[in-house]
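Peer 1: Can you read through this structure? Questions will come right after.
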Amino acid sequence: MDKFVVYKSILKGQVSASGSKNSSLPIMAATLLTDETCVIHNVPDLSDVRTMARILENLGKKIEFSGHTLRIHSRRQRNYVAPYRLVRTMRASFCVLGPLLAKRKKAKVSLPGGCVIGSRPVDLHIKGLIQLGAHLIIENGYCVGHTAAGLIGNHVFLGGHFGSSVLGTGNVLMAATLAKGETLIEYSACEPEIADLVSFLKKMGADIQGGGTQLIKVKGKKELHGAEHTVIPDRIEVGTLIAASLATRSPLTIKNVHPLHMTSVLECARRMGAQLRMKKNILTIRPPRKLRPVNITTLPFPGFPTDLQAQFMIPLCLADGVSLITEKIFPDRFMHVAELQRMGAKISRSGPYAIIEGTRSMYGAEVMASDLRASAALVIAGLVSQGKTEILRIYHLDRGYYKLEEKLRQLGARINREKQ
Ligand code: EPZ
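For the sequence shown, counting from 1, position 110 maps to 109 in numbering that gives the first Met the number 0; every step adds exactly one.
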């Protein structure tokens, strides 16, 4: 197992965002909707992407990964089972369920199980697929289903008490592309990763209106064909770099930024006092000397993303006053708080709220990464803390950030990967 050793650093220079992990994963699952070859560019080589590749190989796909391009072919031998040993390591694997039911008319996909960021049910995925005519039961920890006569288009409402479900929308949308007749998905997630999935499905021949909107209309097709696609830049990686720039008070230039995917995050950085300049897809950020405290509420897109809540907590720990974070998507996603307190941060947490009192300095400690985004937050905390910070269990970070420590090192960060 590896760990990071991080020291207080000032960053400077230019860095490029990689392709989006959360776009790549459902797009890879969507290739199950055809037997033809698909080519996907700008895919980050991450352990989550490798896990999805293993699941697809298990289901009869042959995958070539070269540079950042994935070529996904079909083999003769087909399977319809996504086993627990693979699904439990990555919840996004559950979105093979919709494509399998639509194309192979049966599926046996393990339920993902517990998750460190809180309760993450899949009831909306299941409800939506049942409304498209799938027969689904839960048996021995698996979601087992078939659709003898094929799926049938319907009006599906995907709203929950929190808003909509991103992967739930992906699952139902993919299934609807091969259903008979028309499907209307109401309260679909508007995240850019869903819009990217829609754009890939259209290249495969799907008839879809909407995407990145709360209403998506799909006219089912008899079959879809192979397609070539380039995945969007990773907005969460961009946001993580912005949080690092703010916390270390270092000016940075970030390339490959899609500004419309980042509005709430850029707005938040501005409210904290940063000067931002966007030219084409290049963002220049100039943080203030004194960070202003702000209140952040995580919400579905275009609101502030839950996937950046932990990272933005670090500049708030150093801001000139008191900030409030309200976590509306995953109310228990605060595992990083206890570790940050050990580094001198003044945070009190109550339910979905974290009250952060800005402090002058934080100090290094030995800390434990608990999930992907919390790991990134601890890295940023290490970059602003006096002395040495050792971050254990960084395999979480390797699931979702492409060469983050190399990118930070190129910007001048003192960060090294060592054996734990
Ligand atoms: C996606 O997960 C992302 N994962 C998550 O990113 C992200 O945090 C999340 O969306 C929210 O933006 C991928 O794209 C691979 P949801 P997803 O279903 O789709 C509740 C990261 O760090 N819900 O939109 O699984 C759920 O409990 C990861 O990269 C139900 O109640 O999230 C939560 O409160 C972590 N029933 C809310 O919806 C359901 O059937 C949003 O979850 C499904 C979800």
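Backbone N, C-alpha and C fix where the C-beta goes; we use that ideal spot for every residue, glycine too.
1. With hydrogens ignored, establish whether the beta-carbon of Ile26 is closer than 8 Å to any heavy atom of ligand 1.
2. Can you name the start and end residues of the beta strand (DSSP E) that Tyr394 belongs to?
3. Is there contact here, the segment 186-200 with the segment 299-314, by at least three beta-carbon pairs under 8 Å?
4. For Glu356, which residues from the same chain have a beta carbon less than 6 Å from its beta carbon, with the 5 sequence-adjacent residues on both sides left out?
5. Quick check: is any heavy atom of ligand 1 less than 8 Å from the C-beta of Arg49?
6. Kindly confirm or deny that the segment 76-90 and the segment 42-59 touch, where touching means at least three C-beta pairs closer than 8 Å.
7. I need the straight-line Cα distance from Lys104 to Gln213, nearest angstrom please.
8. Report the CB separation of Thr325 from Pro286 in whole angstroms; it is logged as a contact under 8 Å.
9. State the start and end residues of the unbroken beta strand (DSSP E) segment that holds Ile207.
10. Could you tell me the boundaries of the beta strand (DSSP E) in which Gly144 lies?
11. Taking 6 Å as the limit between beta carbons, can you name the residues of its chain near Ala243, skipping five residues before and five after?
12. So does Ala188 have its beta carbon nearer than 8 Å to some heavy atom of ligand 1?
13. Beta carbon of Asp195: closer than 8 Å to some heavy atom of ligand 1?
14. Could you compute how far the alpha carbon of Val383 sits from the alpha carbon of Ser360?
15. For Thr262, count neighbouring Cβ atoms within 10 angstroms of its own Cβ and tell me buried if that reaches 16, exposed if not.
16. Hey, would you say the C-beta of Pro120 is under 8 Å away from at least one heavy atom of ligand 1?
17. Regarding His124 and ligand 1, is the C-beta to nearest heavy atom distance less than 8 Å?
18. Does the pairing of the segment 275-285 with the segment 133-147 give three or more beta-carbon distances under 8 Å?
19. Please report the straight-line C-alpha distance between Ile235 and Ala375, rounded to a whole angstrom.
20. Between the alpha carbons of Lys422 and Lys218, how many angstroms are there, rounded?
21. Measure the alpha-carbon distance for Asp319 versus Val293 and round it to whole angstroms.
22. What's the call for Glu192, buried or exposed, on a 16-neighbour Cβ count within 10 Å?
23. Please identify the residue among Gly12, Lys2, Ser349, Glu56 whose C-alpha is closest to the C-alpha of Gln409.
24. Could you tell me the alpha carbon to alpha carbon distance between Lys20 and Leu96, rounded to whole angstroms?
Peer 2: With the given structure in hand:
1. What you label residue 26 is simply residue 27 of the sequence shown in a count that begins at 1. The answer is no for Ile26.
2. As a working note, residue 394 is residue 395 in the sequence shown. Taken as a continuous stretch (DSSP letters only), Tyr394 belongs to no beta strand (DSSP E), being part of the alpha helix (DSSP H) at 394-397.
3. Contact between the segment 186-200 and the segment 299-314 is present, with at least three C-beta pairs closer than 8 Å.
4. Counting from 1 along the sequence shown, the entry for residue 356 is found at position 357. Correct list, in chain order: Val321, Lys345.
5. Mapped onto the sequence shown, residue 49 falls at position 50. No, the beta carbon of Arg49 sits no closer than 8 Å to any heavy atom of ligand 1.
6. yes
7. Residue 104 sits at position 105 when you count from the first residue of the sequence shown. Residue 213 sits at position 214 when you count from the first residue of the sequence shown. Roughly 28 Å between the two C-alpha positions.
8. Taking the sequence shown and counting its residues from 1, the one referred to as residue 325 is at position 326. Taking the sequence shown and counting its residues from 1, the one referred to as residue 286 is at position 287. In fact, because the Cβ distance is near 24 Å, the residues do not count as touching under 8 Å.
9. As a position in the sequence shown, residue 207 is number 208, starting the count at 1. 206-208 is the extent of the beta strand (DSSP E) around Ile207.
10. The residue you call residue 144 lines up with position 145 of the sequence shown. It spans 141-145 - the beta strand (DSSP E) in which Gly144 sits, taken as one unbroken run.
11. Within the sequence shown, residue 243 is the residue found at index 244, counting from 1. Here the set comprises Ile379.
12. Looking up residue 188 in the sequence shown gives position 189. Result yes, Cβ under 8 Å from ligand 1.
13. Stepping through the sequence shown from its first residue, residue 195 is reached at position 196. Result no, Cβ not under 8 Å from ligand 1.
14. What you label residue 383 is simply residue 384 of the sequence shown in a count that begins at 1. What you label residue 360 is simply residue 361 of the sequence shown in a count that begins at 1. Straight-line Cα distance between these residues: approximately 8 Å.
15. Within the sequence shown, numbered from 1, the residue matching residue 262 stands at position 263. Exposed: under 16 other Cβ atoms inside 10 Å.
16. What you label residue 120 is simply residue 121 of the sequence shown in a count that begins at 1. It does: the Cβ of Pro120 is within 8 Å (strictly closer) of some heavy atom of ligand 1.
17. For the purposes of this step, residue 124 is identified with residue 125 of the sequence shown, where counting begins at 1. His124: yes, Cβ under 8 Å from ligand 1.
18. no
19. Taking the sequence shown and counting its residues from 1, one reaches residue 235 at position 236. Taking the sequence shown and counting its residues from 1, one reaches residue 375 at position 376. Each residue's Cα considered, the two are about 11 Å apart.
20. Since the first and last residues shown for the chain are 0 and 419, residue 422 lies out of range.
21. Position 320 of the sequence shown, counting from 1, holds the residue named residue 319. Position 294 of the sequence shown, counting from 1, holds the residue named residue 293. The C-alpha of Val293 is placed about 10 Å away from the C-alpha of Asp319.
22. Numbered from its first residue, the sequence shown carries residue 192 at position 193. By the 10 Å Cβ count, Glu192 comes out buried.
23. The residue given as residue 409 occupies position 410 in the sequence shown. Cα-wise, what sits closest to Gln409 is Gly12.
24. The residue you call residue 20 lines up with position 21 of the sequence shown. The residue you call residue 96 lines up with position 97 of the sequence shown. Those two C-alpha atoms are separated by around 19 Å.
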